[in-house]
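In my numbering, the protein residues as written are 490 to 819.
So, in structure tokens, the structure goes:
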């Protein structure tokens with residue numbers, strides 16, 4: 490685990506105290522109120538100290554707000570809008586989610602007995618979100634943590650023989666979206682519209698290759714960087730979802746799906762940018778490194794986690810109980 494690269498910026502005097510949640514891990518920074526607050530007071534504080542919070546986020550990558558008076562989706566939306574007025578829809582998102590409010594979604598609805606490998610949200614899009622917000626509406630009985638990892642560390646610790654081909658060749662993301670019946674999400678769900686013309690305009694502007702099939706399905710292909718220069722830190726970060734998109738991420742189920750559908754018809758898959766095949770062993774090594782470098786904490790109801798999506802990857806541990814985590818993107 491990497492050491493903390495900077496001390497916590499001085500917390501403004503008044504309503505909130507700060508520190509590190511995990512003594513042996515650099516993520517996340519913990520902020521707590523020094524006394525009970527009303528929601529309006531918390532929102533006013535967040536708005537007033539937004540520049541300071543951005544400084545903490547850029548310095549450390551993740552902030553956990555704990556014991557603040559946030560209760561339910563409406564409160565979550567209010568505090569997120571106080572911190573980030575421009576929230577984004579989940580356009581082009583591949584995972585199954587439910588919309589709770591206008592730009593508030595459930596976290597990925599994936600079988601509870603399985604982990605979700607760490608990744609940067611929507612890193613395959615032309616304009617990925619800079620910040621993510623997670624709110625614990627219902628804490629799981631056990632497990633269900635949201636591991637987070639510093640992508641600078643992933644870039645630094647990946648063996649050069651794995652990292653360099655990705656950086657040089659980039660990543661090609663290929664997706665097949667049915668028109669209403671089939672595996673995975675439909676194109677209507679991906680783009681949150683039934684209007685094919687709007688989808689085509691979005692794809693053209695984003696530089697995505699696409700093709701409508703005779704059965705009403707939509708095929709897309711886009712090449713994106715495997716690593717990027719962080720806009721605030723000026724450091725290179727690992728920033729892609731090749732290991733998540735590749736069918737090998739599903740293990741034996743992925744191989745069975747490939748045999749049944751054919752590789753060209755898989756709902757999602759990843760290649761090198763030039764179309765070359767990525768070795769399964771390299772993808773496994775990337776997944777393992779993420780888990781090795783991850784910081785893991787237990788959710789408490791009411792927790793709000795803010796992360797720098799370009800610097801910090803996130804995942805999910807398997808769980809039991811009625812876990813409900815809400816998500817917003819900006």
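Ideal Cβ placement from N, Cα and C applies to all residues, glycine included.
Note that the structure is a prediction, hence the values are computed from the model and not measured.
**OP:** Note down the Cα distance separating residue 707 from residue 695, rounded to an integer number of angstroms.
**Re:** 16 Å
Original post:
Exposed or buried, which one is residue 646 when buried takes at least 16 other CB atoms within 10 Å?
Top reply: exposed
Subject >> When 780, 761 and 520 are compared against residue 606, the one with the closest alpha-carbon >> reply: 780
Original post:
In the structure shown, what three-state DSSP assignment does residue 609 receive?
Top reply: coil
Original post:
Which value, in whole angstroms, describes the spacing of the CA atoms of residue 672 and residue 749?
Top reply: 11 Å
Original post:
For residue 659, which residues from the same chain have a beta carbon less than 6 Å from its beta carbon, with the 5 sequence-adjacent residues on both sides left out?
Top reply: 712, 714, 715 and 762
Subject >> Among 617, 733 and 810, nearest to residue 719 - alpha-carbon criterion >> reply: 617
Subject >> Top-ranked residue by Cα proximity to residue 433, from 627, 800, 587 and 505 >> reply: Residue 433 lies beyond the stretch modelled for the chain, which goes from 490 to 819, so this question has no answer here.
**OP:** Name the two residues that bound the continuous alpha helix (DSSP H) containing residue 540.
**Re:** 539-549
Subject >> Coarse secondary structure for residue 536, derived from DSSP in three states >> reply: helix
Subject >> Cβ-based neighbour list, residue 760, same chain, cut-off 8 Å, excluding 5 preceding and 5 following >> reply: 660, 661, 663, 766 and 767
**OP:** Leaving aside the five residues before and after residue 613 along the sequence, list all residues of the same chain whose C-beta is less than 7 Å from its C-beta, in chain order.
**Re:** 662, 711, 713 and 730
Subject >> residue 596 burial status per 10 Å Cβ neighbour count (16 or more: buried) >> reply: buried
Original post:
Cα separation between residue 551 and residue 544?
Top reply: 11 Å
Original post:
Which same chain residues, not among the five before or five after residue 507, have their C-beta less than 7 Å away from its C-beta?
Top reply: 497, 500, 518, 519 and 520
**OP:** Kindly indicate which residue of 722, 620, 675 and 639 has the alpha-carbon position closest to the one of residue 705.
**Re:** 675
**OP:** Report buried or exposed for residue 589, applying the criterion of at least 16 other Cβ atoms within 10 angstroms of its Cβ.
**Re:** buried
**OP:** Determine which residues share a DSSP beta bridge with residue 779 and list them.
**Re:** None; residue 779 has no bridge partner.
Original post:
What separation, rounded to the nearest whole angstrom, lies between the Cα atoms of residue 769 and residue 775?
Top reply: 10 Å
Original post:
So, residue 753 versus residue 641, is the Cβ gap smaller than 7 Å?
Top reply: no
**OP:** Could you tell me the distance, in whole angstroms, from the CA atom of residue 556 to the CA atom of residue 548?
**Re:** 23 Å
**OP:** Would you list the residues sitting across from residue 625 in a DSSP beta bridge?
**Re:** 814
Original post:
Looking only at C-alpha atoms, which of 580, 603 and 534 sits nearest to residue 523?
Top reply: 534
Original post:
Which residues bound the beta strand (DSSP E) around residue 647?
Top reply: Looking at the DSSP string, residue 647 is not in any beta strand (DSSP E), and its letter there is neither H nor E.
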